[in-house]
Amino acid sequence: MKKEKMGRCAIYDLPFGWQGFAYVSCIWRHRNVKKVVTVFTLMAFLYVTLLLIQNGYDEQLRARNLGLKINIIKWVAAGDAEGSDSDRRIFFHETSGRGDLSFRQTCTVESAARHNPDRPIQVFMTADRLDYSSPWLEVLQNYANVSVVVTDPKSYFTNTPLERWYNQGEWRNSLHKTVHLSDYMRVLTLLKGGGMYMDLDYVTIKRLDEKQLWNFLLFETGDMKLLTNSVVHLERGHRLIDEMIQRLVKYYDPNEYMWHGPSMISHIMSRTCAVKRGQPESNNCTDVRLLPHSYFAPVSNTEWQVLFSNATDETLAQLKNASYGVHCWSGKSNGEHLKVHSNQLYAVLAREHCPHTVALGSADYLA
38 MKKEKMGRCA IYDLPFGWQG FAYVSCIWRH RNVKKVVTVF TLMAFLYVTL
88 LLIQNGYDEQ LRARNLGLKI NIIKWVAAGD AEGSDSDRRI FFHETSGRGD
138 LSFRQTCTVE SAARHNPDRP IQVFMTADRL DYSSPWLEVL QNYANVSVVV
188 TDPKSYFTNT PLERWYNQGE WRNSLHKTVH LSDYMRVLTL LKGGGMYMDL
238 DYVTIKRLDE KQLWNFLLFE TGDMKLLTNS VVHLERGHRL IDEMIQRLVK
288 YYDPNEYMWH GPSMISHIMS RTCAVKRGQP ESNNCTDVRL LPHSYFAPVS
338 NTEWQVLFSN ATDETLAQLK NASYGVHCWS GKSNGEHLKV HSNQLYAVLA
388 REHCPHTVAL GSADYLA
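Quick note on my numbering: the sequence shown kicks off at 38 and runs consecutively.
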């Protein structure tokens, strides 16, 4: 007597070793099973796609589709941005919400990457989406050590001592909201992983010496009365980071421009290290160095016009010997034309230290 058949599939007439394959084939030919498998596959695809979007890989994929080789990651807690070598990273923040960098900002990042090819360079962007219409990513893709870190500020502040400040939102009504967000975010980034922060209006002109430029603060001007937060290095876990965090939690004034930056740092160093205005040698803390303004601000904020005057061999030689970078004071100089083919000091520095930016910029000037 013939054995019972399953539907239209006669699997028992086959040799024992083939019955399993025949059974699977039979199930696959069933119309309802095909529908279930198709739906499951579609759901799995959508899940993976959403997961990729959540982790910022949609930006990475879009960049790849446009032929860009730039590394783009989305910030996640304990992710790649705060890896084991984060103390060595050089990082920048764009906190206005725009999706790209201006040419001058791009020059800042390129010059740092160009002179420090073995150090991670991170550009934190707070925009919802990146802007691919301007050439900034085309420039930065030339440097394998550069990563763009797409950052949702709300997530970035979550579960940190500064979460309440961010969520209460008083800062959003301040005339200085972009500056204040940057002031708070740079200290938070130091808390999360340490490293070297720089404002987006510097030109790095030589390799940044890690022995010299480790756990340091910089005097903003030649009179050495005020420390700046425009460039700073502190390693992960440094006590000064906690000091700054505590002060940012306790004091916030939406009307003050410098209270959460240079004034805060100067006050902390005065209180904890007995630093006196104009007397850098009065620092009695051995875990942080105070550096002269010439290291990164050889042109003061009151003499910024020098950047747009003719460069001299003497000036260039002084910068090369005494400085690691040049602060270009964007808050005052942004309205001034930077004529890239001229002999302006800024232009001469740009041509040498951010050549890809200059090559893709306007024929006449960098905005």
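We put the beta carbon where it would ideally sit given N, CA and C, even for glycine.
Quick caveat, the model's predicted, so the values are computed rather than measured.
Own chain residues within Cβ distance below 6 Å of Asp-236, not counting five before or after: Sequence-distant partners of Asp-236 (beyond 5 residues in either direction) whose C-beta falls short of 6 Å from its own C-beta, in its chain, are Ser-267.
Euclidean distance between Cα positions of Trp-341 and Ser-360: 16 Å
Supposed contact pair Leu-254 and Val-269 - C-beta distance, whole angstroms, cut 8 Å: About 6 Å separates the Cβ atoms of Val-269 and Leu-254, confirming a contact at the 8 Å cut-off.
7 Å Cβ shell around Lys-262 - same chain, five flanking residues per side excluded: So the list reads Arg-314, Gly-315, once near-sequence residues are dropped.
His-390 classed as buried or exposed, judged by whether at least 16 other C-beta atoms fall within 10 angstroms: buried
Start and end residues, beta strand (DSSP E) containing His-378: No beta strand (DSSP E) contains His-378, which DSSP labels as neither H nor E.
Simplified DSSP assignment, three categories, for Lys-357: helix
Cβ pair His-364, Asn-338 closer than 9 Å: yes
CA-to-CA distance, Gly-231 to Asp-324, given in whole angstroms: Cα-Cα distance, rounded: 14 Å.
Closer than 8 Å: His-152 CB and nearest the ligand NAP heavy atom: Annotation note on the ligand NAP: not contained in the displayed structure, which lists no ligands.
CB contact flag (Thr-226, Pro-190, <9 Å): no
Ser-170 burial status per 10 Å Cβ neighbour count (16 or more: buried): exposed
Element boundaries [beta strand (DSSP E), containing Leu-271]: 264–271
Distance between Leu-199 and Leu-228 (C-alpha atoms, nearest Å): 11 Å
Coarse secondary structure for Ile-242, derived from DSSP in three states: coil
8 Å Cβ shell around Val-240 - same chain, five flanking residues per side excluded: Cβ-Cβ distances below 8 Å link Val-240 to Cys-144, Thr-145, Ser-148, Gly-362, Val-363, Cys-365, Tyr-383, Leu-386, Ala-387, His-390, Cys-391 in the same chain, with the five nearest sequence neighbours on each side left out; the list follows chain order.
When Ser-367, Thr-188, Trp-208 are compared against Asp-290, the one with the closest alpha-carbon: Trp-208
Collapsed DSSP secondary structure at Gly-206 in the structure displayed: In the structure shown, the three-state DSSP call for Gly-206 is coil.
Touch test, the region 210–219 against the region 117–132, Cβ-Cβ under 8 Å, three pairs minimum: yes
Pairwise C-alpha distance: Ile-107 and Val-343: 34 Å
Of the listed residues Tyr-234, Leu-98, His-297, nearest to Ile-158 (C-alpha basis): Tyr-234
Same chain only: Cβ atoms within 8 Å of Leu-103, ignoring 5 sequence neighbours per side: Tyr-169
Cβ-based burial, Gly-436 [other Cβ within 10 Å; buried from 16]: With the chain covering 38 to 404 only, the question about residue 436 has no answer from this structure.
Host beta strand (DSSP E) of Gly-232 (start-end): Segment 232–235, the beta strand (DSSP E) holding Gly-232.
Three-state class that DSSP yields for Val-187 in the structure shown: strand
Met-162 in three-state terms, based on DSSP: strand
Inter-residue spacing [alpha-carbon to alpha-carbon] between Arg-135 and Glu-257: 28 Å
Own chain, CB closer than 8 Å to Gln-91, minus 5 neighbours either side, in chain order: For Gln-91, the pLDDT reaches just 48, beneath the cut-off of 50, and the residue's location in the model is therefore unreliable, leaving the point undetermined.
Secondary structure of Met-43, DSSP reduced to three states: Because the pLDDT of Met-43 is 44, which lies under 50, any placement of that residue in the model is unreliable, and the question is left without a value.
Exposed unless 16 or more other CB atoms sit within 10 angstroms - verdict on Ser-121: exposed
Within 9 Å, strictly: CB atoms of Leu-327 and Val-312: yes
Beta-carbon separation (whole angstroms), Cys-310 vs Asn-292, contact threshold 8 Å: So it is not a contact: roughly 28 Å between Cβ atoms.
Neighbourhood of Ile-305 by C-beta, 6 Å cutoff - its chain only, sequence neighbours within 5 removed: Glu-280
Spatial distance of Val-185 from Arg-273 (CA atoms): 21 Å
Cβ shell of Pro-299 (< 7 Å), same chain only, five flanking positions each side left out: Glu-257, Leu-263, Leu-264, Thr-265, Asn-266
CA nearest to the CA of Met-295, picked from Arg-166, Leu-212, Val-113, Glu-351: Nearest Cα to Met-295 within the set Arg-166, Leu-212, Val-113, Glu-351: Leu-212.
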